[in-house]
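Q: Let me begin by handing over the structure; questions about it come next.
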């Protein structure tokens, strides 16, 4: 393969990893074995809230084939509590198994390691637990009321955080406005449910008192520190590997399960594997927060926005790892792409007797966008404006970039009006509006939905100072290593283990450009290994952060290796460094392409003929680099925060048709125009946009973790927790703008979450657009055929069977 | 006497053309036989209740959920997995089409998708988009939104497979 004119970055290069994945040659955690491996199973609470009165595991422990049994009491004696993933106010001890109280259905209370999984599961049936059920609190607003059952009586409340943040003169704007739109919106619990469930192997080496893990945990940097602290060993004696990860989407971080495996492995003296089953995954791993949002939007008669006033209740379930995360990320994204001069945000983060909520593709932003984009669409209808026109009147414009929002976010680049205009054009907005009117005359229900969003990327834990009053962690950074091996081939490793983002290919493209080689000459390590991968506390695959930190780490490490190659070549050729370039696998003299030294030859010098190095030059060709994104800031004196850093944007335009008899909803057309800055590999970018948009569609129409009033999860299998299939969704049509980011090394921005953020709002706007003439207002998700049928029924004259 | 789940039974079957004979617990799934006893880890297990399709294999040429079948039910059957659909050298035309279209991200659903697509194309060599979508509706992909998977199957259908290739 020869180098394309403009370099490898930007080329839709087919993926290296796809060659193995398409043949079933991936290596996922359940594909891995160890000698004398045991298999674990966990006993889980059938109650949403109960005291554990008695737990007797002696019968299970005596079973043939059972090598170790672990109870909550033993866990409390043998390990420390789990450190939260983020700074938090909820300072209560949380162990990897419930100790004396269970707080959600599916919370693990005991674990068994046995010679095979069937034996381990058999043993669970011989563990006898006596529970004293307690009243469960399931609804977050009920959980906030005085007298509600408390998950942690020692906290005295279920409210982990309540605060009001005000930016600008909100009350004045509300008083001066020509009108104020007031709406209440709700979002359900849902999750991206990676097809590979969570899992881990843990091994304990008694000789060195060291633990080794193989896991699909997507945030290894933080996890290692939590494991070491709970296990009481230094981090230098915890080694963690990530193999191929079968999707993650934020869900795959639960140090508790790794601790269970580690404690079982230490007790049994043999390695232990645990692979979550799907019911455990849906019941107990991670749900996006459900929530309720009251929105007030103050406006002038011409549609100009004056202020936004939001009250937001985030239902955390039993989330002690990352409470307030949804709130803060919503606050960072609250203005969407609009110029809103004054913003107030009153937030509650509330514990309930439900599955711990946590990171899920977009974290809070899908709900924030749903609320704002629903409100904008409601306002357009109220003012008699086209919903596109109202948005165009209020966008931050390209000439206002970089733009700082009232809450402290900096929008780095982009052209939001142009993005929407292109989407309308690609969708044939005018044509479909005309078709909609014709269809309506025939009794058919077509609806067009528009939603647009900003898509932030990167993380900055300094924002939690707003919640806790102190800074425990901060910044946005990632680490990479680039090494030219003694044979001239290139090896790269990165602290961020891919879970489907194609790093083995796109990182090779980046390094190929830096070093003047082909991507084939660059091998990017699969996954993560803390003993060989450079990493830091922030390392991991999360927060849409590849473009914000990882690319900079790779470019930085490659640039140092490049400089050294050029210095060695200059010395050997007795020429000035400035007269050399790296291309076609060699250091070449500019204007004299015959004078060259192959990288393999330079590598031989660096490793084997070290007397041939320039004076003072260290042997070897390896560099580590940690890139910190410059936009990360502490909370400022005005309480402005920057929980995320670099902003892509997108416009979604979709068409639904509703069956007027059954309420069935068909998505007939879906157009996305997005702008993620410079696209490093458009093949990967398009895939991300397709996939995340379908996550949004699933949340809009199908997916819901539905609990009854006692806290039992009613949708705990894929037969009742419905995911979009190929037959449910249309082809997502994509077009793009490219406004490079000025604050990332190659101008790229995040693209992993963009579809999931406006997707639910776009579909909801379309459904309401089809039914608005019947007085329907969409205030919650998912919009099921049953819900639509009820709306249609309510709109019909009594006794009529026709709409 | 009544059969118990842990009772061991003998089963003989063919896997990817090779004869296999094993004595297994009656409760052992075909997926566990393939993955754990035979080391054929290309077949993935995503839900263990027959919905996600990651574990799809061909049983006598028809797609089946290996998580829902007991291994001892397979007496006399011919089972084909992703390993059996992959040429010794390189990739099949269908696999090449998946790679060219980037019809995967994490790759966990991919073997099941290839198996289901193989069955589709054997019966319907020139499927249109609606037929492809319907045929793959029993296989969940959480990453791609299906767009590139549908494209890949259409691409493979448009280019007839080499009669000598496994797919």
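Residue numbers (this note's numbering), protein chains in the order written: chain A, -12 to 790; chain U, 3 to 169. The C-beta atom is built at its ideal place from N, Cα and C for all residues, glycine as well. Keep in mind the model is a prediction, meaning the values are calculated, not measured.
So does the segment 544 to 564 of chain A actually touch the segment 464 to 473 of chain A, counting three or more Cβ pairs closer than 8 Å?
A: Yes, the segment 544 to 564 of chain A is in contact with the segment 464 to 473 of chain A.
Q: In chain U, what lies closer than 8 Å to residue 232 of chain A by C-beta?
A: Position 245 of the first chain, counting from 1, holds the residue named residue 232 of chain A. In chain order: 108.
Q: For the segment 83 to 105 of chain U, list every residue whose C-beta sits within 7 Å of some C-beta in chain A, in sequence order.
A: Answer set for the segment 83 to 105 of chain U: 84, 85, 88, 93, 97, 100, 101, 102 and 104.
Q: Is it a yes or a no for the segment 66 to 73 of chain U touching the segment 24 to 44 of chain A, going by three-plus beta-carbon pairs under 8 Å?
A: Taking 8 Å as the limit for Cβ pairs, the verdict is that the segment 24 to 44 of chain A does not touch the segment 66 to 73 of chain U.
Q: In the segment 513 to 599 of chain A, which residue ranges form an unbroken alpha helix (DSSP H) of at least 4 residues, counting only runs that do not cross its ends?
A: 538 to 560 and 586 to 594, all fully within the segment 513 to 599 of chain A.
Q: Tell me which same chain residues have a C-beta within less than 7 Å of the C-beta of residue 74 of chain U, skipping the five on either side of it?
A: Taking the first residue of the second chain as 1, we reach residue 74 of chain U at position 72. If we look at residue 74 of chain U and ignore the five residues flanking it on each side, its Cβ neighbours are 11, 13, 26 and 28.
Q: Specify whether the segment 102 to 116 of chain U and the segment 644 to 658 of chain A touch according to this definition: at least 3 beta carbon pairs, one from each stretch, less than 8 Å apart.
A: Output reads no: the segment 644 to 658 of chain A does not touch the segment 102 to 116 of chain U.
Q: Kindly say whether residue 667 of chain A, judged by its beta-carbon, lies nearer than 8 Å to any beta-carbon of chain U.
A: As a working note, residue 667 of chain A is residue 680 in the first chain. Taking Cβ atoms only, chain U never reaches closer than 8 Å to residue 667 of chain A, which makes this a no.
Q: Whose CA, out of A:438, A:257, A:137 and A:331, lies closest to the CA of residue 340 of chain A?
A: Start at 1 with the first residue of the first chain, and residue 340 of chain A comes out as number 353. For residue 340 of chain A, the nearest C-alpha among the options comes from A:137.
Q: Give me the Cα-Cα distance between residue 190 of chain A and residue 252 of chain A, rounded to the nearest whole angstrom.
A: The residue you call residue 190 of chain A lines up with position 203 of the first chain. The residue you call residue 252 of chain A lines up with position 265 of the first chain. In a straight line, the C-alpha of residue 190 of chain A is about 6 Å away from that of residue 252 of chain A.
Q: Roughly how many angstroms separate the alpha carbons of residue 628 of chain A and residue 325 of chain A, rounded to a whole number?
A: The count along the first chain starts at 1 and reaches residue 628 of chain A at position 641. The count along the first chain starts at 1 and reaches residue 325 of chain A at position 338. Between residue 628 of chain A and residue 325 of chain A, the C-alpha separation is close to 18 Å.
Q: Looking only at C-alpha atoms, which of U:134, U:151 and U:96 sits nearest to residue 678 of chain A?
A: Along the first chain, read from residue 1 onward, the residue named residue 678 of chain A stands at position 691. Considering only alpha carbons, the answer is U:151.
Q: Quick check on residue 786 of chain A: buried or exposed, where buried means 16 or more other Cβ atoms within 10 Å of its Cβ?
A: Looking up residue 786 of chain A in the first chain gives position 799. Confidence in residue 786 of chain A is poor, its pLDDT being 47 and thus under 50, which makes the residue's placement unreliable; the coordinate value appears in the next sentence. Exposed.
Q: Verify the CB distance criterion: does residue 760 of chain A have a CB-CB separation below 8 Å to chain U?
A: Numbered from 1 along the first chain, position 773 holds the residue referred to as residue 760 of chain A. Judged by the 8 Å Cβ criterion, residue 760 of chain A is not in contact with chain U.
Q: Measuring straight from C-alpha to C-alpha, what distance separates residue 391 of chain A and residue 383 of chain A?
A: Within the first chain, residue 391 of chain A is the residue found at index 404, counting from 1. Within the first chain, residue 383 of chain A is the residue found at index 396, counting from 1. Taking the straight line from one Cα to the other gives about 10 Å.
Q: In terms of residues, what are the limits of the alpha helix (DSSP H) holding residue 378 of chain A?
A: Along the first chain, one-based indexing puts residue 378 of chain A at 391. From DSSP, the alpha helix (DSSP H) with residue 378 of chain A extends over 374 to 381.
Q: What residue does the alpha helix (DSSP H) around residue 774 of chain A start on, and which one ends it?
A: What you label residue 774 of chain A is simply residue 787 of the first chain in a count that begins at 1. Note, residue 774 of chain A: alpha helix (DSSP H), 772 to 782.
Q: Report all residues from its chain with a CB closer than 6 Å to the CB of residue 420 of chain A; omit the five preceding and five following residues, and keep chain order.
A: Position 433 of the first chain, counted from the start, is the residue given in the question as residue 420 of chain A. Nothing meets the Cβ criterion.
Q: My output table needs one value for residue 149 of chain A: the three-state DSSP class, helix, strand or coil.
A: The residue you call residue 149 of chain A lines up with position 162 of the first chain. Of the three classes helix, strand and coil, the one that applies to residue 149 of chain A here is strand, per DSSP.
Q: What residues of chain U sit near residue 365 of chain A, judged by a beta carbon separation below 8 Å?
A: Residue mapping note: residue 365 of chain A aligns to position 378 of the first chain, counting from 1. Near residue 365 of chain A there are no residues of chain U at all, since even the closest Cβ is about 28 Å away, more than 8 Å.
Q: Is residue 322 of chain A buried or exposed, if buried means 16 or more other CB atoms sit within 10 Å of its CB?
A: Position 335 of the first chain, counting from 1, holds the residue named residue 322 of chain A. So residue 322 of chain A counts as buried.
Q: Any beta-carbon of chain A closer than 8 Å to the one on residue 150 of chain U?
A: For the purposes of this step, residue 150 of chain U is identified with residue 148 of the second chain, where counting begins at 1. Yes, contact with chain A.
Q: Please determine whether the Cβ atom of residue 736 of chain A lies at a distance below 7 Å from any heavy atom of the ligand FMN.
A: The ligand FMN is not part of this structure, which contains no ligands at all.
Q: What are the residues that DSSP puts in a beta bridge with residue 507 of chain A?
A: Taking the first chain and counting its residues from 1, one reaches residue 507 of chain A at position 520. DSSP output for residue 507 of chain A lists no bridge partner at all.
Q: Drop a sphere of 10 angstroms on the beta-carbon of residue 726 of chain A, count the other beta-carbons inside from all chains shown, and report buried for 16 or more, exposed for fewer.
A: The residue labelled residue 726 of chain A in the question sits at position 739 within the first chain. Buried, by the Cβ-count rule.
Q: The segment 511 to 522 of chain A: which residues have C-beta closer than 7 Å to a C-beta of chain U, in chain order?
A: Here the close residues number zero.
Q: Report yes if the CB atom of residue 145 of chain U is closer than 8 Å to the CB atom of residue 234 of chain A, and no otherwise.
A: Here residue 145 of chain U corresponds to residue number 143 of the second chain, with the count starting at 1. Here residue 234 of chain A corresponds to residue number 247 of the first chain, with the count starting at 1. In this structure, residue 234 of chain A lies closer than 8 Å to residue 145 of chain U by Cβ.
Q: Would you check if the distance between the CB atom of residue 58 of chain A and the CB atom of residue 105 of chain A is smaller than 8 Å?
A: Along the first chain, one-based indexing puts residue 58 of chain A at 71. Along the first chain, one-based indexing puts residue 105 of chain A at 118. No; because the gap between Cβ atoms is not below 8 Å, this pair is not in contact.
Q: Are the CB atoms of residue 43 of chain U and residue 399 of chain A within a distance shorter than 8 Å?
A: Here residue 399 of chain A is taken as the residue at index 412 of the first chain, counted from 1. Here residue 43 of chain U is taken as the residue at index 41 of the second chain, counted from 1. No.
Q: Roughly how many angstroms lie between the CA atoms of residue 230 of chain A and residue 203 of chain A, to the nearest whole one?
A: Working through the first chain from its first residue, we reach residue 230 of chain A at position 243. Working through the first chain from its first residue, we reach residue 203 of chain A at position 216. Distance between the alpha carbons of residue 230 of chain A and residue 203 of chain A is about 7 Å.
Q: Would you say residue 15 of chain A lies against chain U (beta-carbon separation less than 8 Å)?
A: The residue given as residue 15 of chain A occupies position 28 in the first chain. Residue 15 of chain A counts as touching chain U.
Q: Hey, could you find the ends of the alpha helix (DSSP H) residue 356 of chain A is sitting in?
A: Translated into the one-based positions of the first chain, residue 356 of chain A becomes position 369. First-last of the alpha helix (DSSP H) with residue 356 of chain A: 352 to 370.
Q: Quick one: which chain U residues come within Cβ less than 7 Å of residue 674 of chain A?
A: Here residue 674 of chain A refers to the residue found at position 687 of the first chain. In chain order: 104, 107, 146 and 150.
Q: So which residues of chain A does residue 113 of chain U contact, with C-beta pairs closer than 7 Å?
A: As a first step, residue 113 of chain U is located in the second chain; it is residue number 111 there, counting from the start. Within 7 Å Cβ-Cβ: 11.
Q: Would you say residue 687 of chain A and residue 770 of chain A are within 8 Å of each other, going by their C-beta atoms?
A: By one-based count along the first chain, residue 687 of chain A stands at place 700. By one-based count along the first chain, residue 770 of chain A stands at place 783. Contact: yes.
Q: Near residue 167 of chain U, which residues of its chain fall below 7 Å by C-beta distance, leaving aside the five closest residues on each side in sequence?
A: Residue numbering aside, residue 167 of chain U sits at position 165 when the second chain is read from its first letter. Low local confidence applies: a pLDDT of 44 at residue 167 of chain U is under 50, so the model's placement there is unreliable, and no value is given.
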